[in-house]
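A.B. asks:
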Amino acid sequence: AAGVIQSPRHLIKEKRETATLKCYPIPRHDTVYWYQQGPGQDPQFLISFYEKMQSDKGSIPDRFSAQQFSDYHSELNMSSLELGDSALYFCASQGPNSDGYTFGSGTRLTVV
Amino acid sequence: AQSVAQPEDQVNVAEGNPLTVKCTYSVSGNPYLFWYVQYPNRGLQFLLKYITGDNLVKGSYGFEAEFNKSQTSFHLKKPSALVSDSALYFCAVSRFSGGYNKLIFGAGTRLAVHP
Numbered sequence: 480a481a482g483v484i485q486s487p488r489h490l491i492k493e494k495r496e497t498a499t500l501k502c503y504p505i506p507r508h509d510t511v512y513w514y515q516q517g518p519g520q521d522p523q524f525l526i527s528f529y530e531k532m533q534s535d536k537g538s539i540p541d542r543f544s545a546q547q548f549s550d551y552h553s554e555l556n557m558s559s560l561e562l563g564d565s566a567l568y569f570c571a572s573q574g575p576n577s578d579g580y581t582f583g584s585g586t587r588l589t590v591v
Numbered sequence: 172a173q174s175v176a177q178p179e180d181q182v183n184v185a186e187g188n189p190l191t192v193k194c195t196y197s198v199s200g201n202p203y204l205f206w207y208v209q210y211p212n213r214g215l216q217f218l219l220k221y222i223t224g225d226n227l228v229k230g231s232y233g234f235e236a237e238f239n240k241s242q243t244s245f246h247l248k249k250p251s252a253l254v255s256d257s258a259l260y261f262c263a264v265s266r267f268s269g270g271y272n273k274l275i276f277g278a279g280t281r282l283a284v285h286p
């Protein structure tokens, strides 16, 4: 069965650089959630999209932005990267009338 | 607002013994409750969920959880622990409202199963 695909799996960036993380939801899933998990932390909700519109917003820094495209994939754009942005970034997708959340394997971002 | 509490940072169990990982929640309205497991440097793996119906939910790998509305708890249990169960376990809650709602995670409980 198709799963949630995240790319890249690993990313190393320098401070003040920009990073773009991509999430491809399960086919016909119309909702995407982004989470950030710092070392030894629980996943923190960043932002979500439903039918290409932002549906909820959490503790997402102003340096980050995200969008969901017409094919329902989503991208998380991170600018002016800081050391503290080093984390595992997960996305999860959810389909119509679905009570489940399917997570991708995550993108591990390391800022040096 | 919704929140989840996992009161134990770590749970230690001998292999073959029963295990319990505790979770309590706070949410307005009816909760959706989930358990996920995370192995080192890996993603979140779904174990089980409670949406409605029987309070005892059975999930993957022999795990089960009991929804207790009066105590607002959703403790994860397994009758006989395996060393391979050693991992980080997250309880999560979502608020059912007919729409789409984010999952809120607990802080996680590290389960260590000793041979």
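For the protein sequence lines, the chains are A and B, in the order given.
All residue numbers for the first sequence refer to this note's numbering, where the first residue is 480 and numbers rise by one.
All residue numbers for the second sequence refer to this note's numbering, where the first residue is 172 and numbers rise by one.
C-beta atoms are modelled at their ideal positions from N, C-alpha and C, and glycine is treated no differently.
Here the structure is a predicted model, which means the values were calculated and not measured.
1. Report the rounded CA-to-CA distance for Asn556(A) versus Asp225(B), giving the unit in angstroms.
2. Hey, could you find the ends of the beta strand (DSSP E) Leu227(B) is sitting in?
3. Using Cβ-Cβ distances below 7 Å, what residues of the region 245-268 of chain B are close to chain A?
4. Let me confirm a value: Lys240(B) is counted as buried when at least 16 other C-beta atoms fall within 10 Å, else exposed. Which label applies?
5. Is Thr195(B) near Ala176(B), with beta carbons less than 9 Å apart?
6. Between which residues of its own chain and Lys515(A) is the CB-CB distance below 6 Å, once the five residues before and five after are set aside?
7. Taking its Cβ as the centre, do 16 or more other Cβ atoms sit within 10 Å of Gly279(B), making it buried, or is it exposed?
8. Do you know offhand how far Phe205(B)'s Cα is from Arg542(A)'s?
9. Taking three-plus beta-carbon pairs below 8 Å as touching, is the region 176-188 of chain B in contact with the region 216-234 of chain B?
10. Bridge partners for Asn183(B) per DSSP, in chain order?
11. Roughly how many angstroms separate the alpha carbons of Lys501(A) and Gly519(A), rounded to a whole number?
12. Please report how far the alpha carbon of Tyr503(A) lies from the alpha carbon of Tyr551(A), in whole angstroms.
13. For the candidate residues Pro286(B), Ser174(B), Arg266(B), whose alpha-carbon lies nearest to that of Ile222(B)?
14. Contact check, Phe217(B) vs Tyr210(B) under 8 Å by CB: the rounded distance?
15. Under the three-state reduction of DSSP, which class applies to Tyr551(A): helix, strand or coil?
16. Less than 6 Å between C-beta atoms, sequence neighbours within five positions excluded: which residues of the same chain meet that for Ala238(B)?
17. I'd like to know whether the C-beta of Ala236(B) is nearer than 9 Å to at least one C-beta of chain A.
C.D. replies: Looking at the atomic coordinates:
1. 42 Å
2. 227-229
3. Phe261
4. exposed
5. yes
6. It is Gln, not Lys, that sits at residue 515(A) in the sequence shown. Hits under 6 Å: Gln523, Leu525, Ala566, Tyr568.
7. buried
8. 31 Å
9. no
10. Ala283(B)
11. 23 Å
12. 7 Å
13. Arg266(B)
14. That belief does not hold up - the Cβ atoms of Phe217(B) and Tyr210(B) are roughly 13 Å apart, past 8 Å.
15. coil
16. The displayed chain sequence assigns Phe, not Ala, to residue 238(B). Correct list, in chain order: Tyr221, Asn226, Phe245.
17. no
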